[in-house]
């Protein structure tokens, strides 16, 4: 079993070494001035007294659709038209954490998976006060959601730090609500940066930390020793929801880019660069005659896309974005995908052994098209498009087609399948695959809500 070293003890050891003439570790160089108690022992208490009132507990309630396949004897008794499964709405409750980033407006950041499907959201402050909250916007690809408290008053907000300045080995503190115990503080270091390929979200660029993160910490704060927010805790590696020393947080800079878009536009306007590629590994580096193995290798440039217009070519290696090193193609995709459309970024690229600077204006990602006929025969003739935010829109429909005959019309928006909300292509496809027997599509048509029934 590995020996666990208490964080305060570790700080004390560093403090003692500095007294004996050794230099204080670089990670502690900017340690808060009021970082020792009356006995001169290092402590995080002064910083935490300032920050913890900005970290909240979130409790949610809602309903999710559950399906139970009915036995064949039931169908034999009631005939071939009997339903194949029983569909129920199952109430659920959940707990998580959040961070107040704007006290005046009552803005709280959390994970999307904390509030997903919730119809009632209650936010509890450290002092016990409770507020109801509404969802202003969310992004399922990066697992970020922005809430607003009703009638906010006397709140404390956290200062947002620059997560691009983090280094492996920097001390960090995680604050949240693990297992519903109430506010809890744990500590550790930054174990790694730019983690991706974990299958947690579509856009992955995680800070890895060994600060204890457990079930219920989702949406809570990861702060540096100055109390600046540098990440939103989102996931752990380990079974049973318990900590094994490998936790992940969404970088604060990514979170802020998304929140700014929600506040300004009421939605995520995701930017695209217009390149395809992969990670620069040793094998590829040898083939290209490069002396480095980190970066995003460009294998294809989309015609007339932002990268093409800026002069980026296939074979280029993207080394940095706005001066921050890029370790992998997944990290590049995550950073670009959370920067708003219409914004310009400066890329450092490597071409023919020379580094170059290129400025690219990101375009908005086009809505993704869905092959309607593959979802259901009665949807043939409809063109469906998803922007991952407001359901699935009918962008065009062929007159007299099966989709037209069942009542689908252009500009209808599919918002649920058998009462299961759908906000992306993936969610719609999954809901249709799970549906059995009669399928009820919940539509928004202008200011009206209606149901269309599809028979299998």
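In mature numbering (1 follows the signal peptide of the UniProt record, and there is no 0), the protein residues as written are -29 to -1, 1 to 427. We treat Cβ as the ideally placed atom computed from N, Cα and C, and that holds for glycine.
Residue state for residue 123 is assigned as coil, using DSSP reduced to three classes.
Across the set 313, 335, 182, 196, the C-alpha of 182 shows the shortest separation from the C-alpha of residue 215.
Note on geometry: alpha-carbon atoms of residue 190 and residue 380 lie some 39 Å from one another. In the assembly as shown, residue 345 is an exposed residue. Its beta-carbon has fewer than 16 other beta-carbons within 10 Å. Note that the segment 306 to 323 touches the segment 272 to 290; at least 3 beta-carbon pairs, one per stretch, sit closer than 8 Å. In the same chain as residue 237, and ignoring 5 residues on each side of it, no C-beta atom comes closer than 6 Å to its own. Of 158, 139, 192, 271, the smallest CA-CA separation from residue 24 is found for 192. In the DSSP assignment, residue 84 falls within the unbroken alpha helix (DSSP H) covering 83 to 86. Nearest neighbour of residue 406 by Cα position, chosen from 417, 394, 389, turns out to be 389. Considering only 297, 422, 13, the residue with the shortest C-alpha distance to residue 167 is 297. Beta-carbon to beta-carbon, residue 377 and residue 386 are separated by about 17 Å, too far to satisfy the 8 Å threshold.
Bounds of the beta strand (DSSP E) holding residue 332 are 325 to 332. In the structure shown, residue 314 adopts coil according to DSSP, grouped into three states. Rounded to the nearest whole angstrom, the CA to CA distance from residue 374 to residue 34 is 29 Å. Spanning the alpha carbons of residue 6 and residue 157 requires a straight line of approximately 17 Å. In this structure residue 184 is buried. Its beta-carbon is surrounded by 16 or more other beta-carbon atoms within 10 angstroms.
Bridge partners of residue 375 according to DSSP: none are assigned.
Residue 420 has 415 as its beta-bridge partners, per DSSP. A direct Cα-to-Cα measurement between residue 89 and residue 31 gives close to 6 Å. Of the residues assessed, residue 29 falls on the buried side of the cut-off, its CB having 16 or more other CB atoms within 10 angstroms.
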